[in-house]
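Student:
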Amino acid sequence: EAQVTQNPRYLITVTGKKLTVTCSQNMNHEYMSWYRQDPGLGLRQIYYSMNVEVTDKGDVPEGYKVSRKEKRNFPLILESPSPNQTSLYFCASRRDRNYGYTFGSGTRLTVV
Amino acid sequence: GENVEQHPSTLSVQEGDSAVIKCTYSDSASNYFPWYKQELGKGPQLIIDIRSNVGEKKDQRIAVTLNKTAKHFSLHITETQPEDSAVYFCAARLSGGSYIPTFGRGTSLIVHP
Numbered sequence: 055e056a057q058v059t060q061n062p063r064y065l066i067t068v069t070g071k072k073l074t075v076t077c078s079q080n081m082n083h084e085y086m087s088w089y090r091q092d093p094g095l096g097l098r099q100i101y102y103s104m105n106v107e108v109t110d111k112g113d114v115p116e117g118y119k120v121s122r123k124e125k126r127n128f129p130l131i132l133e134s135p136s137p138n139q140t141s142l143y144f145c146a147s148r149r150d151r152n153y154g155y156t157f158g159s160g161t162r163l164t165v166v
Numbered sequence: 171g172e173n174v175e176q177h178p179s180t181l182s183v184q185e186g187d188s189a190v191i192k193c194t195y196s197d198s199a200s201n202y203f204p205w206y207k208q209e210l211g212k213g214p215q216l217i218i219d220i221r222s223n224v225g226e227k228k229d230q231r232i233a234v235t236l237n238k239t240a241k242h243f244s245l246h247i248t249e250t251q252p253e254d255s256a257v258y259f260c261a262a263r264l265s266g267g268s269y270i271p272t273f274g275r276g277t278s279l280i281v282h283p
């Protein structure tokens, strides 16, 4: 089944403890992105990648890192999480720039 | 950059009625307009899209219209059913640069049986 898989689905952590949210797609898509979703603010892009080893900042990149060492994987790294990063996170991929996204099921992150 | 406004934020209809969600965009260089449906506890799912060389597109009970002159596009759902209840997002993508879409803030559609 064609899909974007992200893990974990739920995560509660403490301020300052480094964490990684994994994302993998099995559709050989070129583009991958990370979004956060907050009430009333919709979907805001954190980082995106147009190909292996090519990443760029989205609208809200502060406090996040990404890497794209393989085409299928695009992990999101929070080096020192803070409570304002409590949110619902989505990984997404698309075949190329002319198509819409396939989204993962989301990761609900709580930073206390 | 692109700016997308989406209205209404909440829409409540009776089963069988039609629902219309409207979006406006700011940059005339945008040429791709997808719509996503997000059900509770799930990620957004692409349900229909339209490109700037087309004025209307239909897929069963859903349709999207685009007015490039006015820079607005709309999602139309006919004969609504309870399973249409979800949050709907519109997006507009520029034809150059990073080709990254800008999303509207979403419309919560509630279909009452």
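For the record, the sequence lines run as chains H and A.
Here the working numbering = 1-based position in the first sequence + 54.
Here the working numbering = 1-based position in the second sequence + 170.
Glycine included, C-beta positions come from ideal geometry on N, C-alpha and C.
Within 10 angstroms of the Cβ of N80 of chain H, are there 16 or more other Cβ atoms? Answer buried if so, exposed if not.
Tutor: On the first sequence, residue 80 of chain H is found 26 positions in, with the first residue counted as 1. Exposed, because fewer than 16 other Cβ atoms sit within 10 Å of the Cβ of N80 of chain H.
Student: Please go through the same chain and pick out, in chain order, the residues whose beta-carbon is closer than 6 Å to the beta-carbon of I232 of chain A, but skip the five residues on each side of it.
Tutor: Taking the first residue of the second sequence as 1, we reach residue 232 of chain A at position 62. Once the five neighbours on either side are set aside, the close Cβ partners of I232 of chain A are I218, I247.
Student: Using beta carbons (cut-off 8 Å, strictly below), is P204 of chain A in contact with chain H?
Tutor: The count along the second sequence starts at 1 and reaches residue 204 of chain A at position 34. Judged by the 8 Å Cβ criterion, P204 of chain A is in contact with chain H.
Student: Determine whether the Cβ of I247 of chain A lies closer than 8 Å to any Cβ atom of chain H.
Tutor: Here residue 247 of chain A corresponds to residue number 77 of the second sequence, with the count starting at 1. Not an interface residue.
Student: Compute the Euclidean distance between the alpha carbons of P178 of chain A and T277 of chain A, then round it to the nearest angstrom.
Tutor: Mapped onto the second sequence, residue 178 of chain A falls at position 8. Mapped onto the second sequence, residue 277 of chain A falls at position 107. Each residue's alpha carbon lies about 6 Å from the other.
Student: I'd like to know whether the C-beta atoms of Q60 of chain H and G154 of chain H end up nearer to each other than 8 Å.
Tutor: Here the question's residue 60 of chain H lines up with position 6 in the first sequence. Here the question's residue 154 of chain H lines up with position 100 in the first sequence. Not a contact, by the Cβ cut-off of 8 Å.
Student: With a CB to CB cut of under 8 Å and the five nearest residues on each side skipped, what residues in its chain are close to P62 of chain H?
Tutor: Within the first sequence, numbered from 1, the residue matching residue 62 of chain H stands at position 8. Contacts found: V75, T161.
Student: Could you say if the stretch 173–191 of chain A and the stretch 104–115 of chain H meet the contact criterion of at least three C-beta pairs nearer than 8 Å?
Tutor: No contact exists between the stretch 173–191 of chain A and the stretch 104–115 of chain H.
Student: Can you tell me the Cα-Cα spacing of L216 of chain A and V114 of chain H, whole angstroms?
Tutor: Indexing the second sequence from 1 puts residue 216 of chain A at position 46. Indexing the first sequence from 1 puts residue 114 of chain H at position 60. Approximately 23 Å between the Cα atoms of the pair.
Student: Rounded to whole angstroms, what's the CA-CA distance from G270 of chain A to L73 of chain H? Just pull it up for me.
Tutor: Taking the second sequence and counting its residues from 1, one reaches residue 270 of chain A at position 100. Taking the first sequence and counting its residues from 1, one reaches residue 73 of chain H at position 19. The displayed chain sequence assigns Ile, not Gly, to residue 270 of chain A. Between I270 of chain A and L73 of chain H, the C-alpha separation is close to 26 Å.
Student: Which chain A residues sit within Cβ distance under 9 Å of R151 of chain H?
Tutor: Reading the first sequence from its first residue, position 97 is the one you call residue 151 of chain H. Within 9 Å Cβ-Cβ: Y202, R263, S268, Y269, I270.
Student: Got a sec: is the Cβ-Cβ distance from Q230 of chain A to anything in chain H below 8 Å?
Tutor: Numbered from its first residue, the second sequence carries residue 230 of chain A at position 60. Not closer than 8 Å to any Cβ of chain H, the Cβ of Q230 of chain A fails to qualify, so no.
Student: Give the interface partners of D219 of chain A over in chain H, defined as CB-CB distance under 9 Å, in chain order.
Tutor: Counting from one through the second sequence, the residue named residue 219 of chain A turns up at place 49. What D219 of chain A touches in chain H: Y153, G154.
Student: Please confirm if Y102 of chain H has its CB atom under 8 Å from at least one CB of chain A.
Tutor: Numbered from its first residue, the first sequence carries residue 102 of chain H at position 48. Yes, contact with chain A.
Student: For K119 of chain H, which of H:I131, H:T140, H:R98 has the nearest alpha-carbon?
Tutor: As a working note, residue 119 of chain H is residue 65 in the first sequence. Of the listed residues, the one whose Cα sits closest to K119 of chain H is H:I131.
Student: Measure the alpha-carbon distance for R90 of chain H versus S141 of chain H and round it to whole angstroms.
Tutor: In the first sequence, the residue the question calls residue 90 of chain H occupies position 36. In the first sequence, the residue the question calls residue 141 of chain H occupies position 87. R90 of chain H and S141 of chain H: Cα-Cα distance of roughly 6 Å.
Student: Decide if V234 of chain A is buried, meaning its Cβ has at least 16 other Cβ atoms within 10 Å, or exposed.
Tutor: Within the second sequence, the letter at position 64 stands for residue 234 of chain A. The residue in question, V234 of chain A, is buried, as its Cβ has 16 or more Cβ neighbours within 10 Å.
Student: Anyone know if the C-beta pair for S196 of chain A and E172 of chain A falls short of 8 Å?
Tutor: As a working mapping, residue 196 of chain A is identified with position 26 in the second sequence. As a working mapping, residue 172 of chain A is identified with position 2 in the second sequence. Result yes, Cβ atoms of S196 of chain A and E172 of chain A sit closer than 8 Å.
Student: Determine the contact status of L264 of chain A and S182 of chain A, defining contact as a CB-CB distance below 8 Å.
Tutor: One-based indexing of the second sequence puts residue 264 of chain A at position 94. One-based indexing of the second sequence puts residue 182 of chain A at position 12. No, the Cβ-Cβ distance between L264 of chain A and S182 of chain A is not below 8 Å.
Student: Using 8 Å as the limit for Cβ to Cβ distance, is K212 of chain A near chain H?
Tutor: As a first step, residue 212 of chain A is located in the second sequence; it is residue number 42 there, counting from the start. Taking Cβ atoms only, chain H reaches closer than 8 Å to K212 of chain A, which makes this a yes.
Student: Start and end of the beta strand (DSSP E) containing D150 of chain H?
Tutor: Start at 1 with the first residue of the first sequence, and residue 150 of chain H comes out as number 96. Premise fails: D150 of chain H is in no beta strand (DSSP E) and is neither H nor E.
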